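Trainee: For the sequence shown, our numbering begins at 127 and goes up steadily by one.
Before we start, here is the structure in question, set down as structure tokens.
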Amino acid sequence: MQSNLVDFIQVLRTQEVRISPAETLDAMEVARRLGYADRTLLCDGLAMTLAKTPEEEVIFRHCFDRYFQQELSDFSTQGEAPETETESGLSPAESATQAQELAATQATALQLAAETNPELEALLQTELMQNLLSNDRTELTLAMNQAAERVGLQQIQMFTQKGQFTRRILDAMGEEHIRSAVIALERDESPALPVLQRYRDTLREQVRDYVEREYLLHAEGKTQQFMDDILSKTRLNNIEHLYLHKVHELIRKMAKKLASRHSRRRKLLKRGRLDMAKTLRKGIPHDGMMFNTYWRQVRKEKPQILAVCDVSGSVAAYAKFLLLFLYSLQDILPKVRSFAFSSHLGEVSNYFSEHPVEKAIELVNWKYGGATDYGSSLSDFAQLALDDINSNTTVIILGDARNNNGDPRLDIMQGIYQRARQVIWLNPESRRAWGSGDSEMLRYQSACHFSAECNNLKQLERIVDQLLKSSR
């Protein structure tokens, strides 16, 4: 059961439930103390140990029900479910009796055929065939589970592996003896052949269904992780519209991870100037006794981020995802002001305060999209925000620096560089293309503290992670 519990925890991890090794040991101790007799009690105890948020508890209970399901597979050769009393004209008891009589008839047919067929006689002596003839669901389900464990079914990752694992489990259960007997009966043209074929087909169907359930349980999260990894490394302008909702979900997951990593933890100061008002107020429950002292904290000027995005046709997709990333982190990022430009530049921060992020990005692209003029746009930016840039300001510029052979206004970029704490330029083009044609990137690079190729979510996450570290 400890092995099953470890496998179950691995399933939870693939479903984005965060579980540390220490919490795994705690879960084992909880299971040892509660036992496995009461399913509900065990579920509640493990949920309190492993699930840390309401969302994680929902995922936990869903996975628990699927992993520790109590249903036994039905290996009877009746095919479809038995009909109701109204449909068949028989009561449930009469239907069960009829099924037992049919099973006995089939077993008799196989016994008679075995008298002249050595392969079938050997098959009827095997534990697998005896359990199939008696439809011993407990023993057959247990044998299937043990075979699945031996062949490592928990490692299934891709849907193309389902047939492979189905065959391995059947071989581990001894299904090759049934195949050999079927071939022998075909050779002898035995009337018992259809009976044995039904048992073989029923066994294969139940194993296929079992592998399908395990695939959905074990591989669903792995498949999602694989898809996320592919999308995070794909150039953003190459992602088809069909996958945009998945990209948005991936951005939110990345933002959540970064928020958890960089969220500020409140620190209790133990020195400095005494905060007498707070100290007295906290002492009221203790009849005015000042058991705890509180100290004043020097307020630091908050940093700010200015995001300047080229939304012309060639870069619009990248700007969209950068803004989506930044505003998904607005709870932990310093104050963010956003600017968009093509031939002219304007501040678009109010769009994000008045509309959802996706809608705001659509409005920005509609208003500021067009041909690119970096010189004119930098002039607009200088008028709007140059005086607000100081040593606590980070300026992020996203663009390909292709200026259509216009004036690049390097003097304004130098002014921004001298005033700001750091200037970061993210260029979606390959570094090999910087400076080619009408690209001014190599000249702009001299007025940046940091410049990088950035055209997929993995690169964007790494850069934003570094930004958060430097702004703490």
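The C-beta atom is built at its ideal place from N, Cα and C for all residues, glycine as well.
Quick caveat: nothing in here was measured; it's all calculated off a predicted structure.
With a threshold of 6 Å on Cβ separation, who are the neighbours of Ile523 within its own chain once the five nearest residues in sequence on each side are excluded?
Mentor: Only Val434, Trp551 meet the Cβ criterion.
Trainee: Based on the DSSP secondary-structure assignment, which residues constitute the bridge partners of Ala433?
Mentor: According to DSSP, which records beta bridges pairwise, Ala433 is partnered with Ser464, Ile522.
Trainee: Is the beta carbon of Gly563 sitting closer than 8 Å to the one on Asp533?
Mentor: No.
Trainee: Given a threshold of 16 other Cβ atoms within 10 Å of its Cβ, counted over all protein chains shown, does Pro411 qualify as buried or as exposed?
Mentor: Counting Cβ neighbours within 10 Å, Pro411 comes out exposed, since fewer than 16 surround it.
Trainee: Kindly examine the ligand COA and report whether one of its heavy atoms sits closer than 7 Å to the Cβ of Lys408.
Mentor: In the structure shown, the ligand COA is absent, as is every other ligand, since no ligand is present at all.
Trainee: CA-CA distance, Leu510 and Phe186?
Mentor: Looking at the two C-alpha atoms, the distance is approximately 50 Å.
Trainee: Spatial neighbours of Phe478 within its chain, please: CB distance less than 6 Å, with the 5 preceding and 5 following residues excluded, ordered by chain position.
Mentor: Excluding residues within five positions, the ones whose Cβ falls inside 6 Å are Tyr453, Ala486.
Trainee: Quick check on the DSSP output: the alpha helix (DSSP H) that includes Phe291 runs from which residue to which?
Mentor: Run containing Phe291: 288 to 299, per the alpha helix (DSSP H) assignment.
Trainee: Check whether the region 461 to 472 touches the region 490 to 500, counting contact only when three or more Cβ pairs, one atom from each stretch, lie closer than 8 Å.
Mentor: Yes: at least three Cβ pairs fall under 8 Å.
Trainee: Given that a residue counts as buried once 16 or more other Cβ atoms are within 10 Å of its Cβ, and exposed if not, what is Thr328?
Mentor: Buried: at least 16 other Cβ atoms inside 10 Å.
Trainee: Just to confirm before moving on: does the CB-CB distance between Val277 and Arg294 stay below 8 Å?
Mentor: Cβ distance < 8 Å, so Val277 and Arg294 count as in contact.
Trainee: From Leu512 to Asp506, what does the alpha carbon distance come to, in whole angstroms?
Mentor: So the alpha carbons of these two residues sit roughly 10 Å apart.
Trainee: Alpha carbon to alpha carbon, how far is Lys408 from Leu400?
Mentor: Using only the alpha carbons, I get a separation of about 13 Å.
Trainee: Figure out for me which residue from Gln287, Leu266, Leu311 has the closest Cα to the Cα of Ala240.
Mentor: Per the Cα distances, Leu311.
Trainee: Express the C-alpha separation of Val373 and Val143 in angstroms, rounding to a whole number.
Mentor: Looking at the two C-alpha atoms, the distance is approximately 20 Å.
Trainee: Determine contact between the region 253 to 260 and the region 331 to 339, defined as no fewer than three beta-carbon pairs at a distance below 8 Å.
Mentor: The answer is no - the region 331 to 339 does not touch the region 253 to 260, with fewer than three Cβ pairs under 8 Å.
Trainee: Going by C-alpha distance, which of Gly414, Thr405, Asp413, Ile431 is nearest Trp421?
Mentor: With distances taken between Cα atoms, Trp421 lies closest to Thr405.
Trainee: Does the structure place the region 317 to 327 close enough to the region 267 to 274 that three or more beta carbon pairs sit under 8 Å?
Mentor: With the cut-off at 8 Å, the region 267 to 274 and the region 317 to 327 do not touch.
Trainee: Using the Cβ count rule (16 or more neighbours within 10 Å means buried), how would you classify Gly525?
Mentor: Label assigned to Gly525: buried.
Trainee: Where do the ends of the alpha helix (DSSP H) carrying Phe134 lie?
Mentor: Run containing Phe134: 128 to 140, per the alpha helix (DSSP H) assignment.
Trainee: When burial is assigned at 16 or more other CB atoms within 10 Å of the CB, is Pro554 buried or exposed?
Mentor: With 16 or more other Cβ atoms within 10 Å, it is buried.
Trainee: Pull the bridge partners of Gln280 from the DSSP assignment, please.
Mentor: None; Gln280 has no bridge partner.
Trainee: Going by DSSP in three states, Arg192 sits in which element: helix, strand or coil?
Mentor: Of the three classes helix, strand and coil, the one that applies to Arg192 here is helix, per DSSP.
Trainee: Which word fits Val490, buried or exposed, when buried means at least 16 other C-beta atoms lie within 10 angstroms of its C-beta?
Mentor: Answer is buried; the Cβ neighbour count reaches 16.
Trainee: Which whole-angstrom value is the C-beta distance of Tyr193 and Phe134, which I expect to be below 8 Å?
Mentor: Going by Cβ atoms, the distance from Tyr193 to Phe134 rounds to 5 Å, so yes, they are a contact pair.
Trainee: Relative to the C-alpha of Leu151, which residue among Gln141, Ile356, Arg569, Ser129 is closest?
Mentor: The shortest Cα separation from Leu151 among Gln141, Ile356, Arg569, Ser129 belongs to Ser129.
Trainee: Only counting the same chain, and skipping five residues up and downstream in sequence, which positions put a Cβ closer than 6 Å to that of Val474?
Mentor: Excluding residues within five positions, the ones whose Cβ falls inside 6 Å are Ser464, Ala466, Val490.
Trainee: Tell me whether Arg528 is buried or exposed, calling it buried when 16 or more other Cβ atoms sit within 10 Å of its Cβ.
Mentor: Buried.
Trainee: DSSP beta-bridge partners for Gln548?
Mentor: Answer by DSSP bridge pairing, in chain order: Thr520.
Trainee: Kindly list the residues whose CB is nearer than 8 Å to the CB of Phe447, restricted to its own chain and excluding five residues on each side of it in sequence; keep chain order.
Mentor: Here the set comprises Leu362, Val373, Ile377, Leu583, Leu586.
Trainee: With a threshold of 6 Å on Cβ separation, who are the neighbours of Arg545 within its own chain once the five nearest residues in sequence on each side are excluded?
Mentor: The residues are Ile515.
Trainee: Go ahead and pull the three-state DSSP assignment for Trp492.
Mentor: Correct three-state label for Trp492: helix.
Trainee: On a Cα-Cα basis, can you pick out the residue from Glu182, Cys169, Arg158, Ala157 that is closest to Arg139?
Mentor: Taking only the C-alpha atoms, the option nearest Arg139 is Glu182.
Trainee: Does Tyr494 pass the burial test, meaning 16 or more other C-beta atoms within 10 Å, or should it be called exposed?
Mentor: By the 10 Å Cβ count, Tyr494 comes out buried.
Trainee: Give the straight-line distance between the Cα atoms of Phe291 and Leu279, rounded to the nearest whole angstrom.
Mentor: Phe291 and Leu279: Cα-Cα distance of roughly 7 Å.
Trainee: Cβ atoms of Leu455 and Ala381: under 8 Å apart, would you say?
Mentor: In contact: Ala381 and Leu455 (Cβ atoms closer than 8 Å).
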